[in-house]
Amino acid sequence: MESGMGGRGIGSALLSRLIAECEKGPWRQMLAIIGDGHNNAGSLAIHKKFGFTVAGQLRSVGYKMGDWRDTLIMQRALGDGDWTLPE
Numbered sequence: 345m346e347s348g349m350g351g352r353g354i355g356s357a358l359l360s361r362l363i364a365e366c367e368k369g370p371w372r373q374m375l376a377i378i379g380d381g382h383n384n385a386g387s388l389a390i391h392k393k394f395g396f397t398v399a400g401q402l403r404s405v406g407y408k409m410g411d412w413r414d415t416l417i418m419q420r421a422l423g424d425g426d427w428t429l430p431e
């Protein structure tokens, strides 16, 4: 989101709707790719709020403002996730 737009519930509303729409489909997992991983507290917080957990880290895959940046991969089950076999 644009700087200064946080804290209004817009991100939560959008992510909640996206998850709901994805759960209507045949998918079992949802991934979030978080650029600038550990320095992106807002993105980490909202994804954790909606049940995403860190599944992996890509170290130093981006370079920004004179520093190497990590990327985090977060994952969330949709519907039954891997608790049941596909039909």
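Its first residue numbered 345, the sequence shown is counted upward by one per residue in this note's numbering. Glycine included, each C-beta is placed from N, C-alpha and C at the ideal position.
Unbroken alpha helix (DSSP H) run spanning residue i, endpoints
| i | result |
| --- | --- |
| Lys408 | Segment 397 to 408 is the beta strand (DSSP E) holding Lys408; no alpha helix (DSSP H) there. |
| Arg372 | Per DSSP, Arg372 belongs to no alpha helix (DSSP H) and is neither H nor E. |
| Glu367 | 354 to 367 |
| Gly386 | 385 to 393 |
Distance, residue j Cα to residue i Cα
| i | j | result |
| --- | --- | --- |
| Ile390 | Trp412 | 24 Å |
| Gly427 | Arg420 | Here residue 427 turns out to be Trp, not Gly, going by the sequence shown. Computed Cα separation, rounded: 13 Å. |
| Gly379 | Cys366 | 22 Å |
| Tyr407 | His382 | 14 Å |
| Gln373 | Gly386 | 22 Å |
| Leu362 | Gly353 | 14 Å |
| Gly410 | Leu422 | 38 Å |
| Asp424 | Trp371 | 10 Å |
| Gly369 | Arg403 | 32 Å |
| Ile377 | Thr415 | 7 Å |
| Pro430 | Gly355 | 31 Å |
DSSP bridge partner residues for residue i (one or two, in chain order)
| i | result |
| --- | --- |
| Lys416 | Rather than Lys, the amino acid found at residue 416 in this sequence is Leu. According to DSSP, Leu416 bridges with Ile378, Gln401. |
| Asp426 | BP columns for Asp426 are empty, so no partner. |
heavy atom of the ligand ADP below 8 Å from residue i C-beta
| i | result |
| --- | --- |
| Asp411 | You won't find the ligand ADP in this model; it holds no ligand whatsoever. |
Rounded distance between the beta-carbons of residue j and residue i, thought under 8 Å
| i | j | result |
| --- | --- | --- |
| Leu375 | Met418 | 7 Å |
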